[in-house]
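Reviewing the structure listed below.
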Amino acid sequence: MSWFYLAIAIVCEITATAMLKATDSFTRIGPSVVVVACVCASLYFFSLCVQSLNVAVVYAIWSGVGVTAVTVLGWKFYGQRLDLPAFVGISLIVIGVVVINLYSQTINIP
Numbered sequence: 019m020s021w022f023y024l025a026i027a028i029v030c031e032i033t034a035t036a037m038l039k040a041t042d043s044f045t046r047i048g049p050s051v052v053v054v055a056c057v058c059a060s061l062y063f064f065s066l067c068v069q070s071l072n073v074a075v076v077y078a079i080w081s082g083v084g085v086t087a088v089t090v091l092g093w094k095f096y097g098q099r100l101d102l103p104a105f106v107g108i109s110l111i112v113i114g115v116v117v118i119n120l121y122s123q124t125i126n127i128p
């Protein structure tokens, strides 16, 4: 169940971050409510998953997937362009998350 909670936390965090631009510095009420609700939900579900998973590793996964997804969403929906160093950096983040998931023995709390 912890992995499910982590997935929900990640989706909420991605939604909140991607919607920040739409808040117009929190002057638009609708998008602002979505951002605040998603941030709260993200932290709540993150807190549930760290009860049985290593907080450091789960945080690396949470933030790595979030950074990568928000970068792609910014490119697709806001027309933000990425240069070669940005692609290389994001690729390294993705590789790091994959390595942690495939090879780390520290994911579960003993």
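First residue of the sequence shown: 19, per our numbering; consecutive thereafter. Where is the CB? At the ideal position from N, CA and C, for every residue including glycine.
Residue 32 and residue 84 - do their beta-carbons sit closer together than 7 Å?
Counted from its first residue, the sequence shown places residue 84 at position 66. Counted from its first residue, the sequence shown places residue 32 at position 14. Their beta carbons are under 7 Å apart, which means residue 84 touches residue 32 by this criterion.
Minimum length 4: unbroken alpha helix (DSSP H) runs contained in the segment 34–78:
Within the segment 34–78, the complete alpha helix (DSSP H) runs of at least 4 residues fall at 47–67.
DSSP state of residue 100, grouped into three classes?
Translated into the one-based positions of the sequence shown, residue 100 becomes position 82. DSSP places residue 100 in coil when its eight states are reduced to three.
Suppose you measure from the CA of residue 86 to the CA of residue 28; what does that come to, to the nearest Å?
Here residue 86 corresponds to residue number 68 of the sequence shown, with the count starting at 1. Here residue 28 corresponds to residue number 10 of the sequence shown, with the count starting at 1. Approximately 11 Å between the Cα atoms of the pair.
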